[in-house]
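Trainee: Can you keep this structure in mind? I'll have questions shortly.
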Amino acid sequence: ISLADHCDATFLYNGHIIGSTYIEIDLFGKRLVFSGDVGRQVDELLDPPKQPEWADYLFVESTYGDRQHPDEDVGQILTNLIKETLYKKGTLIIPSFAVERLQSLMYQLWKLYKKNRIPNIPIFVDSPMGNNVLEVFKNFPNWHKLTIEEYHNMCNHITLVSSYAETWETIDDPRPKIVIAGSGMVTGGRVLTYIKQLGDMETTSILIVGFQAEETRGRKLLEGATELKIYGKYVPIKAKVNHLESLSAHADQDELLTWMGAIKNIPEKVFLVHGEKDAMEIYKDKIQEQLGWHCHIPMMHEVVEILL
């Protein structure tokens with residue numbers, strides 16, 4: 007896309023969520039690359055991210071710049087949790103981001119059922135935005151790996167909740183069940199209603215998937231919180247909290263280094279963004295050690311001059 011004289015922007019697939027891209031801006035002969043959120047090398051729904059080949063200035067995310075994702079058997083972990091939920095006759099609540107994560111969970115559960123690894127336990131997806139994203143998956147099949155048949159079979163196996171009245175009907179449903187609802191970090195959305203009503207029951211399990219930012223309810227659950235403030239009141243948490251890290255849609259340290267490793271030149275400067283301080287510091291050291299590139303961690307409101 008030509009933005010102005012001597013200024014062109016190119017959007018390239020980066021595999022984080024459906025439709026996501028990174029951006030290359032060619033400005034007066036210099037190339038600025040903005041990674042956006044970089045996706046995984048191996049993903050159930052999406053192809054691996056494309057990689058930049060040249061960057062005079064690189065702005066790269068560092069969400070997981072300090073670690074590798076664990077080598078988890080996602081199917082087995084889900085199977086065990088579902089069997090436990092059936093045994094306790096309870097509810098498995100999975101807070102989820104609406105885009106890609108929710109669809110990935112749906113696909114994982116559909117696969118387990120299709121392979122007879124789990125019984126036909128009721129599965130409810132309560133995310134208006136997530137439901138809309140399913141339409142994107144249907145309308146843009148070239149952006150993901152699912153066939154049309156797989157997509158329809160997956161959706162037909164799961165109950166999509168639309169209205170808030172249906173949320174309460176789902177809560178009151180006495181059957182053992184799985185509920186996937188937004189938001190992924192438990193900062194808002196309908197998952198708050200489920201946790202408020204069911205979180206104080208020992209028959210409830212909560213599965214946290216993916217990154218949880220500091221001070222979010224999701225992070226507090228992982229840190230062992232015994233109560234959460236929801237809608238202005240403190241709710242006791244007796245539910246068992248589990249963590250599944252490998253479903254993250256963010257590249258880990260090795261995958262980020264692989265993504266950057268295709269760049270043929272040495273960038274004049276690398277800016278680390280979108281990460282917690284410790285993760286950025288560790289990733290900065292790793293880049294300098296492995297690639298020998300100069301990295302900078304910008305401060306809030308800092309102004310940096312770039313020579314063109």
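For the sequence shown, my numbering gives the first residue as 7, with consecutive numbering after it.
In this text, a Cβ means the ideal position worked out from N, Cα and C, and glycines have one as well.
Which value, in whole angstroms, describes the spacing of the CA atoms of CYS287 and GLN74?
Mentor: Inspection of the sequence shows that residue 287 is occupied by Glu rather than by Cys. C-alpha separation (whole angstroms): 15 Å.
Trainee: In whole angstroms, what is the alpha-carbon distance linking ILE184 and CYS301?
Mentor: When rounded, the distance between both Cα atoms is 44 Å.
Trainee: Can you tell me where the beta strand (DSSP E) holding ASN122 begins and where it ends?
Mentor: That residue, ASN122, is in no beta strand (DSSP E); it is neither H nor E in DSSP.
Trainee: Would LYS235 be called buried (16 or more neighbouring beta carbons within 10 Å of its own) or exposed?
Mentor: With fewer than 16 Cβ atoms within 10 Å of its Cβ, LYS235 is classed as exposed.
Trainee: What is the DSSP secondary structure of GLU67, reduced to helix, strand or coil?
Mentor: strand
Trainee: On the three-state DSSP scale, how would you describe HIS158?
Mentor: helix
Trainee: Please check the pair HIS280 and SER68, which I expect to be a contact at CB under 8 Å, by giving their CB distance rounded to whole angstroms.
Mentor: 6 Å
Trainee: Compute the distance between the beta-carbons of TRP149 and GLY25, then report whether it is under 8 Å.
Mentor: yes
Trainee: Which value, in whole angstroms, describes the spacing of the CA atoms of LEU166 and TYR63?
Mentor: 44 Å
Trainee: Does the distance from the C-beta atom of VAL247 to that of ILE201 stay below 8 Å?
Mentor: no
Trainee: Does GLN218 pass the burial test, meaning 16 or more other C-beta atoms within 10 Å, or should it be called exposed?
Mentor: Buried, by the Cβ-count rule.
Trainee: Rounding to the nearest angstrom, what Cα-Cα distance links ALA245 and HIS256 in this structure?
Mentor: 27 Å
Trainee: Does any C-beta atom of chain C lie closer than 8 Å to the C-beta of ILE312?
Mentor: No chain C appears in the structure shown, which is made up of a single protein chain.
Trainee: Mapping the DSSP letters down to three states, classify VAL309 as helix, strand or coil.
Mentor: coil
Trainee: Check the DSSP bridge columns for VAL276 and list the partner residues they point to.
Mentor: LEU64 and CYS301
Trainee: Just how far apart, CA to CA, sit ASP79 and PHE146?
Mentor: 29 Å
Trainee: Using CA coordinates, which residue listed in LEU313, GLU274 and GLU282 is at the minimum distance from LEU297?
Mentor: GLU274
Trainee: By the DSSP assignment, the alpha helix (DSSP H) with LEU213 in it spans what residues?
Mentor: No alpha helix (DSSP H) contains LEU213, which is instead part of the beta strand (DSSP E) from 211-215.
Trainee: Please state whether DSSP places VAL197 in a helix, a strand or coil.
Mentor: helix
Trainee: Is it buried or exposed for HIS12, if we count other Cβ within 10 angstroms and need 16 for buried?
Mentor: exposed
Trainee: If we ignore side chains and look at the alpha-carbon of each, how far apart do ALA10 and PRO58 end up?
Mentor: 22 Å
Trainee: Hey, quick one: how far does the alpha helix (DSSP H) through PRO5 stretch, first residue to last?
Mentor: Limits of the chain in this structure are 7 at one end and 314 at the other, which puts residue 5 out of reach.
Trainee: Could you tell me whether the Cβ atoms of ILE127 and PRO182 are closer together than 8 Å?
Mentor: yes
Trainee: Could you give the distance in angstroms between the alpha-carbon of LEU263 and the alpha-carbon of ILE83?
Mentor: 28 Å
Trainee: For the stretch 97-105 against the stretch 187-199, are there 3 or more C-beta pairs whose distance is under 8 Å?
Mentor: yes
Trainee: With a threshold of 16 other CB atoms inside 10 Å of the CB of ASP132, please say whether the residue is buried or exposed.
Mentor: buried
Trainee: Report back the beta-carbon spacing between VAL39 and GLU30 to the nearest angstrom; my notes put them in contact at under 8 Å.
Mentor: Their Cβ separation, rounded to whole angstroms, is 5 Å, which keeps VAL39 and GLU30 in contact under 8 Å.
Trainee: Hey, out of TRP60, ASN137 and GLY21, whose CA is closest to VAL48's CA?
Mentor: GLY21
Trainee: Which whole-angstrom value describes the C-beta separation of ARG225 and THR193, a residue pair presumed to lie in contact below a C-beta threshold of 8 Å?
Mentor: Actually they are not in contact, since the Cβ atoms of ARG225 and THR193 sit about 10 Å apart, beyond 8 Å.
Trainee: Buried or exposed for LYS290, going by 16 or more other Cβ atoms inside 10 Å?
Mentor: So LYS290 counts as buried.
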